Amino acid sequence: MQQLLALVPALPLLAAVLLMLAATRIGTNGVRILGVGSVALSALLACRIAVAQIGAGWAVQPFDVTLWHWMRIGDFAPDVTLHLDGLSLVMMLVITVIGFLIHLYASAYLDGDPGYARFFACMNLFVAAMLTLVLANDLLLLYVGWEGVGLCSYLLIGFWYDDPANGRAARKAFIVTRVGDTALISGLFLLATSFGTLSIPSLMQHATTSWPIGTAMPTLAAFLLLGGALGKSAQLPLQTWLVDAMAGPTPVSALIHAATMVTAGVYLIARTHVLFALAPDALLVTGLIGAATLLLSGASALVQTDIKRVLAYSTISQIGYMFLALGVGAWDAAIFHLVTHAFFKALLFLAAGAVILRMHHEQDITRMGGLRTAMPGVFVVFAIGSASLAALPLVTAGFYSKEAILGGAWDSGPSGRLLWCAGVVGAFLTALYIFRLLFIVFLGEQHRHPHGVTGWRIGVPLGVLAILAVVGGGLQTPALLGGIAIMPGILGGVFGSASHEGALALLPLVLASLVPLAGIALAWRWYGGGLASRFETQFTGLLLRGWDFDRAYDRMIVQPLMWLVRVNHHDIVDSFYEGLGKLAQRTHAGLSLSENGRVRWYAGWLAAGSVAALAIAVLS
Amino acid sequence: MNPFGVVALLPLLVLSAGTVVVMTGIAIRRSNFLAALTTGAVMVAALLALLPAARVVPMRVAPLFLIDGYFVFAAALVLLSALAVLLLSYGYVSAIRSSPADEYYLLLLVATLGAVAMLASDHFVTFFLGLETLSVALLGLIAYSRHRPDATEAAMKYLVLAGTSSAFLLFGIALLYADQGTLSFSLAAAKASSTQGIGIYRMAASALILTGIGYKLSIVPFHMWAPDVYDGAPAPVGAFVAVVSKLSVFTVLMRYFVAGPGHADHAAFQAIALFAILSMLLGNLLALGQNNLKRLLAYSSIAHLGYLLVAFLAPETFGIEASSYYLAAYAVTTLGAFGVIGLLSDPAAGADCAELESYRGLFWRRPWLAGILTLMLVSLAGIPPTMGFIAKAYVMTAGVGSALTLPLAALVIGSIIGLFYYLRVVVVMAQPVAAGVQARFPRVRASGAITIGALAILVVVLGLQPASLIAPIRLANPRAPSPPMVAASPAAPVSVAGLR
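So the protein sequences, as listed, match chains A and B.
Position one of the first sequence corresponds to residue 177 (the working numbering), numbered consecutively onward.
Position one of the second sequence corresponds to residue 17 (the working numbering), numbered consecutively onward.
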């Protein structure tokens, strides 16, 4: 069973290669079977492995599978080893199961698109790369997966490359995440040169034994890894790419930009949490960034009019919660929220996709409304997803994971209380913006009629995800509410069983439960009757543009750079490199003269070389 | 010679006997297919004969041959490369003219015999005889496309310059004999370690021997012939010159300078370092604006030999392993690149398909061949996940361990320049073709297609899992202790007396 682990990422990879090579020969049905089937198989395998490895008390038996030794150069010997423990098991299940549902959905969503095969090739490649990322035992292999998902994200955001705007969005995503990736690879270099290995378990062991808490080295390393995580997970200040990334097809937004890839940063920090625990400063910054991100993007989500942009801001905001949890050391709460978020955000995106599809690719919510009657099924699942996102008390998965985070924050000292406050305000905003979206789209009077019906390949994933968005909370509940501990059991082997359950006071729990209700109530009051123009002020414009981060970056970074580029175009910096090229070409031209085809000239060189060798021999 | 000696020498014996068999076969019945089949069978038999030979290593056979792990590794590499060349040639040579091309296969086999003999040399006589067997056979191979003036010219140039370089080499050997009184590497090494200091005779001898070897390796400043010969020769022969000939000569270089009597010769190492730096810089610069793919590969092979010499200069820090891996990577990649050129060329035409312009739009017209050529070029440039990347990383790490600052700087600069001209070919292949000016490509020949397919798989698999190649390479160390001279009486070596 353990040897089969390698098949989980290998199957989608194989399918991706086949799809790239044989796209035109196997027909649409072939593409569908290959593209969806490979992920289905790997989901089944993942479940089978999970059943085999989970033992008493939900504890996971960890194991390694070494596929091959990559190379041995000196002491540096990175292996291609897959590591399965509770954390990677959870991630693997999320990626394959939700990945399968989204692939199934996409097989209907993309029907008739000329790039059908290309789409599934990229999606399968993405699943393979993401699985490599979470199963890697070695930071080098993790980095391979990390770059792989970045590449697929780029390819899929720009999937409809006929529109230059999509290409721009793809480039923006690639370049902005590259800033983070550069930090990450620098962190890898730092760790590799410090300890001579990149294997995660031995790195963590070396770090605890030779780096005291709070010293410069672990702090620097943690900050560099954090930089990578911020880029990939679209957190402040590298969050700007994710909203533009909505240019990709909706299943891509659901899989890559909601459920899996953007949470890779959370995974990275959770995976290297031992290192972060040695760097309290980095942890504090992680928490603060999380809090700031969740508030700022939650506020931005309030005023967006594009259905996917609301969800994109919401994703940034929810990942902010996960970073907040990481910042207070509540690792398992962060992963728990990652899982439930994957459920309900994938559901919301897919439901939004169903709406968009039936509204002739209309994404502007001001032109929607009253869809409740035309699409009752989608309305129900969208409402479930919204409730889960808003953390409606007791009945939704989002409630339990958000409580775990807020509980963790409450328990972790004075700075934690501050973060708790931010989290509660964020919860209010969350409920407000998502129910605003729900009411505007589905209630009120109908502006346009949707066409067609929603097929089973779209309906089934929605239904399954809706169920998960409700019962997913049963993975972990507070002591007050039954104290189910599946998630802590699974993750216990990774994070230790440090629990913050006991101290959880009733007051914050109740307070945090009531806040979403207040948000929903306000949303009902303002938007219950459909769209009304609410605070359309200067401030709204600012929120609409995402706090003007793009404009600020444009002013602060892009335009000065462009100015420098303009000034320097004929200047010394450029001419240096051009000169190098010219020098190389001149030398080439000069040297080429020596190849004149004359044998006596060639023989002369032979003699000259011999003389040179003799001279060195005699003179030295 | 004891029975174990026969076993150890079996690969060479098989090759020699096979030459006779092929010749006899030609006398009985002239057939393209039959000759190719026999030649291939002989090569495979020689490869299989390496297995029993590997059991009895290290073994000295007469004073002339040293059969050790290094021989087994290098011979396997040479024989496999020769087999690949054979498969790439089949179909190519048969299309040149109507009469069977069986003498081509005979020449190929003789050249391989010379190369393998050289690998086992522990004595200058073996080395020189192997070298000349290889050179003379190569001459016929290079000129094989008689209808092309370029081929004849290339062969003539090769003949004249090979003769000149051999003269240097022989002079060097003579000087060495005058100084040491022996032509055996092992005896000379024993003598060199017992005497202090190096006389002027030996220094001059090293310089002259270096000239002879440098010519065959085509390192700067002995490189001038390479582009003309590569360009004129048929593409599969070009691959043979670039791979088998250089591989075997480099092995001797290792045997003489790293494992043998030359290791104390610091002046020779300095000269080699200088030549390596020049090769890396000039080789890459010469390739920069090249519009002929065969000439481009010639220049790039000059540069690659320079990279290889960096590993050679760092024998203390696993440079030997690195050079072995580099040789394998170089062999696979170069064979693949020349293989694609051969498959695109019409042997009956006036020249091979080597002009860059005829590769425009290849990705649409021959996507698989273009893909494989891209893979080979990427490997030559040293980009993961190919063998070329691992090889270059290996060589660099070895060089860093031995603090070879200047050669490493040249390696880095050379690699940057290299990236430009390798990728330029890929860019041209991806550009659209102007309508109506498409060059006509011949039908792809099955034997060649299978060969380059296998090479492409090797480039990726051994790039992702290099450990499977590095493990056998570690066993192949030319410095491993070799058995003492059995036949040598302490007073006067019999062999030397006999050879006087």
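For glycine and all other residues, C-beta sits at the position ideal for the given N, C-alpha and C.
Only a predicted model underlies this, so the values are computations on that prediction, with no experimental measurement involved.
Given a threshold of 16 other Cβ atoms within 10 Å of its Cβ, counted over all protein chains shown, does residue i qualify as buried or as exposed?
{"i": "B/Glu332", "result": "exposed"}
{"i": "B/His239", "result": "buried"}
{"i": "A/Tyr753", "result": "exposed"}
{"i": "A/Ser562", "result": "buried"}
{"i": "A/Asn205", "result": "exposed"}
{"i": "A/Gly231", "result": "exposed"}
{"i": "B/Ala57", "result": "exposed"}
{"i": "A/Lys758", "result": "exposed"}
{"i": "B/Asn307", "result": "exposed"}
{"i": "B/Leu129", "result": "buried"}
{"i": "A/Leu454", "result": "buried"}
Could you check whether the Cβ of residue i sits closer than 7 Å to any Cβ belonging to chain B?
{"i": "A/Ile202", "result": "no"}
{"i": "A/Trp244", "result": "yes"}
{"i": "A/Ser591", "result": "no"}
{"i": "A/Gly678", "result": "Low confidence applies to A/Gly678: its pLDDT is 47, below 50, so where it sits in the model is not reliable, and the reading given next is rough at best. Cβ-Cβ to chain B under 7 Å: no for A/Gly678."}
{"i": "A/Ile271", "result": "no"}
{"i": "A/Gly790", "result": "It is Leu, not Gly, that sits at residue 790 of chain A in the sequence shown. It does: the Cβ of A/Leu790 has a partner Cβ on chain B nearer than 7 Å."}
{"i": "A/Met247", "result": "yes"}
{"i": "A/Ser375", "result": "no"}
{"i": "A/Leu190", "result": "no"}
{"i": "A/Trp781", "result": "yes"}
{"i": "A/Ser786", "result": "yes"}
{"i": "A/Ala312", "result": "no"}
{"i": "A/Ala198", "result": "no"}
{"i": "A/Ala865", "result": "Examination of residue 865 of chain A is not possible in this model, given that chain A is present from 177 through 796 alone."}
{"i": "A/Ser796", "result": "yes"}
State the beta-bridge partners of residue i as determined by DSSP.
{"i": "A/Phe239", "result": "A/Leu260"}
{"i": "A/Gln652", "result": "A/Ala661"}
{"i": "B/Glu371", "result": "B/Asn308"}
{"i": "B/Ser137", "result": "B/Phe81"}
{"i": "A/Asp338", "result": "DSSP output for A/Asp338 lists no bridge partner at all."}
{"i": "A/His245", "result": "A/Asp255"}
{"i": "A/Ile230", "result": "A/Val236"}
Quick check: residue i and residue j, are their CB atoms within less than 7 Å of each other?
{"i": "B/Val356", "j": "B/Ile399", "result": "no"}
{"i": "B/Pro494", "j": "B/Ala136", "result": "no"}
{"i": "A/Tyr497", "j": "A/Leu470", "result": "yes"}
{"i": "A/Ala527", "j": "A/Gly649", "result": "no"}
{"i": "A/Pro254", "j": "A/Trp246", "result": "yes"}
{"i": "A/Arg534", "j": "A/Pro626", "result": "yes"}
{"i": "B/Leu427", "j": "B/Val326", "result": "yes"}
{"i": "A/Ala598", "j": "A/Gly592", "result": "no"}
{"i": "A/Leu412", "j": "A/Ile465", "result": "yes"}
{"i": "B/Val38", "j": "B/Leu125", "result": "yes"}
{"i": "A/Ala222", "j": "A/Met268", "result": "yes"}
{"i": "A/Gly324", "j": "A/Ala359", "result": "no"}
Would you check whether the ligand PLP has a heavy atom nearer than 6 Å to the C-beta of residue i?
{"i": "B/Pro448", "result": "By its list of ligands, the structure shown contains no ligand whatsoever, and the ligand PLP lies outside what it can speak to."}
Taking Cβ positions only, does residue i come closer than 7 Å to chain A?
{"i": "B/Gly305", "result": "yes"}
{"i": "B/Leu389", "result": "no"}
{"i": "B/Phe273", "result": "no"}
{"i": "B/Pro277", "result": "no"}
Contact residues within the stretch 210 to 234 of chain B, judged by C-beta distance below 8 Å to chain A: Ile216, Met219, Ala220, Ser222, Ala223, Leu224, Leu226, Thr227, Gly230, Tyr231
Interface positions of the stretch 746 to 779 of chain A facing chain B (Cβ-Cβ less than 8 Å), listed along the chain: Ala760, Gln761, Thr763, His764, Ala765, Leu767, Ser768, Ser770, Glu771, Gly773, Val775, Trp777, Tyr778, Ala779
Members of the stretch 168 to 182 of chain B near chain A, C-beta cut-off 9 Å: Glu169, Met172, Lys173, Val176, Leu177, Thr180, Ser181
Contact set between the stretch 239 to 254 of chain B and chain A, restricted to residues whose Cβ is under 9 Å from the partner: His239, Met240, Trp241, Pro243, Asp244
Chain-ordered residues of the stretch 479 to 500 of chain B with a beta carbon less than 7 Å from chain A: Gln481, Pro482, Ala483, Ile486
Proximal residues, the stretch 511 to 529 of chain A versus chain B, C-beta separation under 8 Å: none
Chain A contacts made by the stretch 295 to 325 of chain B, where a contact means CB separation under 7 Å: Leu298, Leu301, Leu302, Leu304, Gly305
Contacting positions in the stretch 182 to 197 of chain B - beta carbon closer than 8 Å to chain A: Phe184
Near-chain A residues of the stretch 438 to 452 of chain B (beta-carbon distance less than 7 Å), N- to C-terminal order: none
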